[in-house]
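Novice: The structure is given below, and queries will be raised subsequently.
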Amino acid sequence: LAERADVLAAALSHGEQRQLEIAMALAGDPSLLLLDEPMAGMGAEESQRMIGFLRELKGKRAMLLIEHDMDAVFQLADRITVLVYGRAIASGTPAEIRANADVRQAYLGDEAT
240 LAERADVLAA
250 ALSHGEQRQL
260 EIAMALAGDP
270 SLLLLDEPMA
280 GMGAEESQRM
290 IGFLRELKGK
300 RAMLLIEHDM
310 DAVFQLADRI
320 TVLVYGRAIA
330 SGTPAEIRAN
340 ADVRQAYLGD
350 EAT
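Offset between the sequence shown (1-based) and this note's numbering: plus 239.
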């Protein structure tokens with residue numbers, strides 16, 4: 240966002256506003272960054288920019304990500320816990336979650352075979 244430093248927050252795009260919110264949270268130097276659907280309301284291009292931004296933080300900061308964009312989750316997470324109606328149905332690596340029949344049926348829309 241450095242190149243947009245002279246722009247009022249209200250004039251930033253939705254994705255840039257979300258990046259600004261995360262930057263403001265980081266200013267407090269938290270040991271754990273809690274992110275509640277940071278890609279919500281974004282188009283594909285903005286989502287990819289946000290994923291890139293979060294990747295830069297990965298390894299520097301512990302993060303807990305709540306997100307329905309499963310493509311983003313698979314790109315960002317080292318470990319995933321999947322909830323359905325508030326109940327954990329699976330926990331594991333992205334590869335394990337992607338292969339889990341219950342998860343595929345509930346979130347990825349695949350018929351479990």
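The beta carbon of each residue, even a glycine, is placed where N, CA and C say it ideally should be.
How many Å lie between Arg326 and Phe313 at the Cα?
Specialist: 20 Å
Novice: In this structure, does DSSP put Gly291 in helix, strand or coil?
Specialist: helix
Novice: If the criterion is Cβ atoms closer than 7 Å, does the pair Arg288 and Gly254 meet it?
Specialist: yes
Novice: So for Val323, helix, strand or coil by DSSP?
Specialist: strand
Novice: Output yes or no for whether 7 Å exceeds the beta carbon distance between Asp310 and Met278.
Specialist: No, they are not a contact pair.
Novice: Using 8 Å for Cβ pairs, my map puts Leu274 next to Leu304. What's the rounded Cβ distance?
Specialist: 5 Å
Novice: Taking the Cβ atom as the reference point for each residue, do Met302 and Leu322 lie within a distance shorter than 7 Å?
Specialist: no
Novice: Can you tell which of Ala345, Leu240, Asp245 has its C-alpha closest to the C-alpha of Met263?
Specialist: Leu240
Novice: Among residues of its own chain, excluding the 5 on either side of Ala345, which ones have a beta-carbon nearer than 6 Å to its beta-carbon?
Specialist: Val323
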